[in-house]
Amino acid sequence: MTTPTFSTAQSISELRDQQSIYLKALQILIQDGSSMEKAQKTVCWNRLSRLHEAMPNQYLNPEHLFLQMLADTAAINPSKRKSR
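Here is the structure:
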């Protein structure tokens, strides 16, 4: 596995290898209460979007992932829900 970089374009293979990093980053954004609009401006969103665009049958749209993770987080920690 290569070290993730944030200034150079990565190949689809590199993105696939590092998908778990981007999913974890998205989960942290959600736990920190970030809005979808704010998350859409991040490196992890960009990389997950590229994966989805390259292989839509294998990788979910980051918007879908965000909403799914948000719902899962709300179900686990209902007291941490923030009004939006």
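Going left to right, the sequence shown walks through residues 5 to 88 as my numbering numbers them.
Heads up, the beta-carbon is just placed ideally off N, CA and C, and yes, glycines get one too.
Everything numeric in this text was worked out from a predicted model, so none of it was measured.
Supposed close pair residue i, residue j - CB separation, criterion 8 Å
| i | j | result |
| --- | --- | --- |
| residue 43 | residue 55 | With a Cβ gap of about 15 Å, residue 43 and residue 55 do not count as contacting. |
Three-state secondary structure (DSSP) of residue i
| i | result |
| --- | --- |
| residue 74 | helix |
| residue 55 | helix |
| residue 28 | helix |
| residue 21 | helix |
| residue 69 | helix |
| residue 82 | helix |
| residue 13 | coil |
| residue 50 | helix |
beta-carbon residue i near the ligand PLP non-hydrogen atom, thresh 6 Å
| i | result |
| --- | --- |
| residue 24 | Absence of the ligand PLP from the depicted structure is noted, as is the absence of any ligand whatsoever, leaving it without description. |
Residue j beta carbon less than 7 Å from that of residue i
| i | j | result |
| --- | --- | --- |
| residue 1 | residue 60 | Residue 1 falls outside the range modelled here, since the chain spans only 5 to 88, and no answer is possible. |
| residue 19 | residue 51 | yes |
| residue 73 | residue 31 | yes |
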